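Quick note, the sequence shown lines up with residues -26 to -1, 1 to 296 if you use mature numbering (1 follows the signal peptide of the UniProt record, and there is no 0).
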Amino acid sequence: MKLRSAIAATSLVAAGGIAFAMPANADLVTRCVGEGGAVTVPGDLVVPAGKACWLNGTTIEGNVRVMAGADLIVDGATFKGSVTVAENGYVDTSNTTIIKNVTADNAFGSYFYGSNLGGAVNAKSDEGSEYDGFVYAVDSKVTGRVNASVPGEVVVDGSQIGGALTGQGTRYLDVYNSSIDGKLMVADNEEGSVFCESEVYGDASYTGNSDTLQLGADGPLAPCSGTSYWGGNVDVSNNSGTVVVSNNIVRGNLSGTGNDPAPTGENNRVRGTVSGQFVDLKAPAAMRMAAPQDRKAELSGEVKERRADAQAEAKAAGKARL
């Protein structure tokens, strides 16, 4: 992904920053271009197309919209409504609370660090969209589901997902040191999936994925020394890459057919039945492991670059009028 700087200091007011606009329905809408501080915005907030807004300690009483090609960088804020992100838009939150849903359609991506999301996260990309639409949740809590059908990466690291986690047609979906209260579905992903030192309490399925599936195992994609827990049934079927399933506790059944090559693994405790290709599972061959950060390094670098560009240009635009 090629990052770009697309922020200019324009506004409805002569001095720049944030302006209030009163539409016909009498609801208060605030346009944000530039830097905003620890104040309360009484209605909705919009980041105009191609602009950047950097909020620090701000409270938004209404909903937030990030328009096409816009950037919203947020530190220590509270959003009492929902967040929607348009084509090539980007939202990046740190230590922030969002009460309702986050929806990103054909977006550049969504990154949440140390944040509390009271609703769901939904990300999708239309066929032919040039934007990857990644979803990154680090040290965060999502009360609802995370549902991603995008060609980009989905990473859940040190986080809690209160609903289901779904990755459909993504580049990869990786879960590290996290818990998922609902179901887990990973399907048709180009570069497979890692599930490491984590817990899922609903049923889990991995279907039609390419490349490598590392489920609980210590490698081949990343070191993973702890045990993973699966509270329901686990089915791994019709995948076309390496499948390694090791060091798991499965409360339900472990099943799978149609994987080519056949899965390998060891040290699994299954409370239910074991069937299909998981009967008499062979131990994996010696595995060459990448460093844990290698899988995420490319995306992390792009996130940092876009965040830094947006912050610098929002700062250059001047203080926002809130």
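Every residue gets a Cβ at the ideal spot worked out from N, C-alpha and C, and that includes glycine.
The structure displayed is predicted, hence computed values, not measured ones.
Go through its chain and collect everything with a Cβ distance to residue i's Cβ below 6 Å, but skip five positions before and after it.
i: Ser184; result: Glu164, Ser214 and Gly215
i: Gly176; result: Gly156, Lys157 and Gly206
i: Phe82; result: Asn62, Tyr64 and Tyr105
i: Val59; result: Val40, Val65, Ala78 and Ala81
i: Lys54; result: Glu35 and Ile73
For residue i, I'd like the list of residues in its chain whose CB is within less than 7 Å of its CB, leaving aside the five on either flank, ordered along the chain.
i: Asp209; result: Ser179, Ser229 and Gly230
i: Leu147; result: Val128, Gly141, Val160, Asn163 and Ser167
Based on Cα-Cα distance, which residue from the options lies nearest to residue i?
i: Asp254; options: Gly246, Arg245 and Thr238; result: Thr238
i: Ser56; options: Cys170, Gly118 and Ala282; result: Gly118
i: Leu46; options: Ser153, Lys54, Asn37 and Trp28; result: Trp28
i: Leu2; options: Gly24, Glu9, Gly10 and Asn37; result: Asn37
i: Val21; options: Ala44, Val244, Gly193 and Val120; result: Ala44
i: Gly141; options: Gly107, Trp204 and Thr32; result: Gly107
i: Leu91; options: Ser114, Val277 and Ser84; result: Ser114
i: Phe169; options: Thr181, Val130 and Gly136; result: Val130
i: Ser133; options: Asn151, Glu272 and Leu139; result: Asn151
i: Arg245; options: Ser172, Gly226 and Arg295; result: Gly226
Can you name the start and end residues of the beta strand (DSSP E) that residue i belongs to?
i: Leu19; result: Asp18 to Val21
i: Leu147; result: Tyr146 to Tyr150
i: Val7; result: Segment: none, Val7 is in no beta strand (DSSP E) and carries neither H nor E.
i: Tyr203; result: Ser202 to Trp204
i: residue 310; result: Given a span of -26 to 296 for the chain in the structure shown, any question on residue 310 remains unanswerable.
i: Asp131; result: Glu127 to Asp131
i: residue 299; result: The first residue shown for the chain is -26 and the last is 296, placing residue 299 beyond what the model contains.
i: Thr181; result: Ala178 to Thr181
i: Leu2; result: Per DSSP, Leu2 belongs to no beta strand (DSSP E) and is neither H nor E.
i: Tyr110; result: Phe108 to Val112
Please work out which residues of its chain come closer than 8 Å, Cβ to Cβ, to residue i, disregarding the five sequence neighbours upstream and downstream, and give them in chain order.
i: Thr144; result: Ala122, Ser123, Val124, Pro125, Gly126, Glu127, Val128, Asn163 and Glu164
i: Asn69; result: Asp49, Gly50, Tyr87, Gly88 and Ser89
i: Ala42; result: Ala23, Gly24, Ala60, Glu61, Asn62 and Gly63
i: Asn212; result: Thr181, Gly182, Thr231, Gly232 and Asn233
What do you reckon, is the C-beta of residue i under 6 Å from a heavy atom of the ligand SAM?
i: Gly137; result: Inclusion of the ligand SAM in the displayed structure is not the case, the ligand content being empty and no account of it being possible.
If you pair each beta-carbon of the stretch 228 to 246 with each one of the stretch 148 to 162, do three or more pairs fall below 8 Å?
Taking 8 Å as the limit for Cβ pairs, the verdict is that the stretch 148 to 162 does not touch the stretch 228 to 246.
Quick one: which unbroken beta strand (DSSP E) runs of 3-plus residues sit fully inside the stretch 41 to 82? Chain order, please.
List check, beta strand (DSSP E) in window: 45 to 49, 57 to 59, 64 to 68 and 76 to 79.
If you scan the stretch 208 to 291 from start to end, which runs of the beta strand (DSSP E) of 3 or more residues do you find wholly inside it?
Here the runs fully enclosed are 208 to 211, 217 to 219 and 222 to 224.
State whether the stretch 273 to 287 contacts the stretch 91 to 101, with contact taken as three or more CB pairs (one from each stretch) at a distance under 8 Å.
no
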